[in-house]
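S.K.: These protein sequence lines are chains W and F, in that order.
Taking our numbering, the leading residue of the first sequence gets 874, the next gets one more, and so forth.
Taking our numbering, the leading residue of the second sequence gets 110, the next gets one more, and so forth.
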Amino acid sequence: MKSLRALDVATAPTFEQYERAATTLDRIVATPPDPPRRFAGRRTWMLIPAVAAAVAVVLAAAPWGGDGRAYATWTPVPVPLTSAETGLVGAACRDDMRIYKDLDLDRAELVLAERRGEYVAMVYRYDNPGSEASCLARNLPGTDDVDEVKTTASGSSGPFEKAPAGRFLEGALSVFPEGVSITEGAAGPGVAGLTIHTEGLSVQATVHNGRWVAWWPGRALVEDGNGEWRDVPRTYDVLLNDGRTIEDARPAR
Amino acid sequence: MTTLQPDREGRFRALYADAYADVLAFAQRRGHPSQAEDVVAEAFLVVWRRFEDAPRRRDDARAWVFGIVRHCLLNARRGQGRQDALEVRVASASRNEPGEPSAELIDLAAAWRRLRPAEQEVLALTVFEDLTSAQAARVLGISAATYRIRLMRARRALRGHLAPGAFLTELMEAQS
Chain W
874 MKSLRALDVA
884 TAPTFEQYER
894 AATTLDRIVA
904 TPPDPPRRFA
914 GRRTWMLIPA
924 VAAAVAVVLA
934 AAPWGGDGRA
944 YATWTPVPVP
954 LTSAETGLVG
964 AACRDDMRIY
974 KDLDLDRAEL
984 VLAERRGEYV
994 AMVYRYDNPG
1004 SEASCLARNL
1014 PGTDDVDEVK
1024 TTASGSSGPF
1034 EKAPAGRFLE
1044 GALSVFPEGV
1054 SITEGAAGPG
1064 VAGLTIHTEG
1074 LSVQATVHNG
1084 RWVAWWPGRA
1094 LVEDGNGEWR
1104 DVPRTYDVLL
1114 NDGRTIEDAR
1124 PAR
Chain F
110 MTTLQPDREG
120 RFRALYADAY
130 ADVLAFAQRR
140 GHPSQAEDVV
150 AEAFLVVWRR
160 FEDAPRRRDD
170 ARAWVFGIVR
180 HCLLNARRGQ
190 GRQDALEVRV
200 ASASRNEPGE
210 PSAELIDLAA
220 AWRRLRPAEQ
230 EVLALTVFED
240 LTSAQAARVL
250 GISAATYRIR
260 LMRARRALRG
270 HLAPGAFLTE
280 LMEAQS
């Protein structure tokens, strides 16, 4: 391998480059952090966004991956994962989540998992204190390749609240740089399904064991030009076990 | 509003000073040399905004920054079509040895260029950035186990592009 090192094209920074680097450093530390993250709960530790999330602010990457193809396989209706897919993608997700110093991965249990085209979403959580971490990763069905892993984590001071019967609660909401949003929350007893309508999309959430998760290729939060983030309008339809649908349902809190 | 920790700026400046040269080299290998400084500046701005996520250990933090640079480079190339990996450039001859390049080095450079970008990336993280499997995996957003498998395949691919000789022996020894 040392022979390959002899072919390295990289060069040590010049004096002029170091001078420019010093100027850049001063400019960088003069800017404030402004993560586009939110958690609808009692917060005690800061929302911890994925590494990639910041790129959204910096690069203003276009929705649909810029070239319109990155999320072209996305489907509004999710499909469940096989156990092999869960193990494969889950390992990559948990590996990425190691950056979150307040997330105890030993306690985190997989509570939701779904596939939409080439992308898999997973949600881990535990109680006391309530902590959740979401993951979005690319995995072509039938292959063992996992890449484009994006994660986010958040927490609250106590246990997660449960949703009342027939209602739902909003939980964490994250926007990734590629213009992809993922959100999750609690589903009360009797809730069989949840559909999110936003920007012309109707996104059917995965609902399981009192929790729900959904993601879509669009921004749930946009900057208003004054450094503030506002919600892109979205509405919810709740499908109950008895077959009734509550259109434009409001979160229980 | 996020409240900055008192030592946040100091810790960031320390990481910047410590990793700048390596991060610039990382960008030089994978992008156009004239754009390397801009990409590094862009990446460190991301690091600053997300500094709470930075690993505490020096080498892990360096790998974490590499991953952000890679993401910036991939994002910048989206206009050229979807890319999941970055090509890693190598020189045609050693910069450290004056005179005519050896035939072996010429062959090695040619073999490298026949690798797929994904194979070049996997090898480069070990050869040039000197990362562990776990650190390299973090850069690529994959598990360490997956990285090790890809590294093995990339070495095999490079070996396949090389004629039998001293370099082949070296590669085989490095893999064993």
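Heads up, the beta-carbon is just placed ideally off N, CA and C, and yes, glycines get one too.
(1) Counting beta carbon pairs with one atom in the segment 241-257 of chain F and one in the segment 958-973 of chain W, are three or more of them shorter than 8 Å?
(2) So, do the segment 1044-1058 of chain W and the segment 974-983 of chain W have three or more beta carbon pairs nearer to each other than 8 Å?
(3) When the distance is taken between beta carbons, is W:W1085 closer than 7 Å to W:A1078?
(4) Any beta carbon of chain F sitting closer than 7 Å to that of W:A945?
(5) Does the beta carbon of W:L880 come closer than 7 Å to any beta carbon on chain F?
(6) Taking C-alpha atoms, which residue in W:L1094, W:E1005, W:F1033 lies nearest to W:R1126?
(7) Given W:A1060, which residues of its chain have a CB within under 7 Å of its CB, disregarding the five upstream and five downstream residues?
(8) Between which residues of its own chain and W:V1105 is the CB-CB distance below 8 Å, once the five residues before and five after are set aside?
(9) When the Cα atoms are used, what is the spatial distance from W:A945 to W:G960?
(10) Scan the segment 117-143 of chain F and note each continuous alpha helix (DSSP H) run of 4 residues or more that stays entirely inside, going in chain order.
(11) Please say whether W:P951 and W:R989 have beta carbons closer to each other than 7 Å?
(12) Would you call the segment 131-149 of chain F and the segment 877-888 of chain W touching, i.e. three or more CB-CB distances under 8 Å?
(13) Could you check what DSSP says for F:A220 in three-state terms: helix, strand or coil?
(14) Kindly indicate which residue of F:A128, F:A212, F:E118, F:A243 has the alpha-carbon position closest to the one of F:V178.
(15) Could you check where the alpha helix (DSSP H) with W:G1091 kicks off and where it finishes?
(16) Buried or exposed for W:M995, going by 16 or more other Cβ atoms inside 10 Å?
(17) Could you name the residues of chain W that F:L249 contacts, counting a contact when the two beta carbons are closer than 8 Å?
(18) Is it right to say W:F888 is buried, meaning 16 or more other beta carbons lie within 10 angstroms of its own, or is it exposed?
(19) Out of F:A152, F:E228, F:P164, F:A243, point me to the one whose CA is closest to F:G269's CA.
(20) Taking the alpha-carbon positions, what's the W:N1012 to W:D1020 distance?
(21) Which residues mark the beginning and the end of the beta strand (DSSP E) in which W:V1080 is found?
(22) By how many angstroms is the C-alpha of W:E1120 removed from the C-alpha of F:V236?
(23) I need the boundaries of the alpha helix (DSSP H) containing W:F888, first residue and last residue.
(24) Considering W:A1060, what are the terminal residues of the beta strand (DSSP E) in which it resides?
(25) Using a beta-carbon distance below 7 Å, is F:R179 in contact with chain W?
(26) Kindly identify the DSSP beta-bridge partner or partners of W:G1066.
(27) Between F:R158, F:R257, F:L232, F:A134, which lies nearest to W:S876 when the distance is taken from Cα to Cα?
(28) What's the C-alpha gap between W:A965 and W:V1022?
(29) Which two residues bound the contiguous beta strand (DSSP E) that contains W:R989?
(30) Assuming F:L240 and F:A152 are in contact, meaning their beta carbons sit under 8 Å apart, how far apart are those beta carbons, in whole angstroms?
(31) Between F:L240 and chain W, is there a C-beta pair that is closer than 7 Å?
(32) Quick one: Cα of F:F175 to Cα of W:C1008, how far?
(33) Name the chain W residues that come within less than 9 Å of F:F175, Cβ to Cβ?
(34) Let me see if you follow: with CB-CB separation under 7 Å, is F:S211 close to chain W or not?
(35) Measuring only between beta-carbons, confirm whether W:D968 sits less than 7 Å from chain F.
(36) What does the Cβ neighbour count give for W:E892, buried or exposed, with the cut at 16 atoms within 10 Å?
M.R.: This is what the structure gives:
(1) yes
(2) no
(3) yes
(4) The Cβ of W:A945 sits no closer than 7 Å to any Cβ of chain F.
(5) yes
(6) W:F1033
(7) A1036, F1041, L1067, V1080, G1083, R1084, W1085
(8) T1071, E1072, G1091, R1092, A1093, L1094, V1095
(9) 25 Å
(10) 117-139
(11) Yes.
(12) With the rule of 3 Cβ pairs closer than 8 Å, the segment 131-149 of chain F counts as touching the segment 877-888 of chain W.
(13) helix
(14) The shortest C-alpha separation from F:V178 is found at F:A128.
(15) Here W:G1091 belongs to no alpha helix (DSSP H), and DSSP marks it neither H nor E.
(16) buried
(17) D1020
(18) Flag for W:F888 reads exposed.
(19) F:E228
(20) 7 Å
(21) 1079-1081
(22) 57 Å
(23) 888-902
(24) 1053-1060
(25) no
(26) W:L1112
(27) F:L232
(28) 7 Å
(29) According to the DSSP assignment, W:R989 belongs to the beta strand (DSSP E) that extends over 982-989.
(30) In fact, because the Cβ distance is near 16 Å, the residues do not count as touching under 8 Å.
(31) Closer than 7 Å: no.
(32) 20 Å
(33) Neighbours of F:F175 on chain W: none; closest Cβ ~11 Å, over 9 Å.
(34) Closer than 7 Å: no.
(35) yes
(36) Exposed: under 16 other Cβ atoms inside 10 Å.
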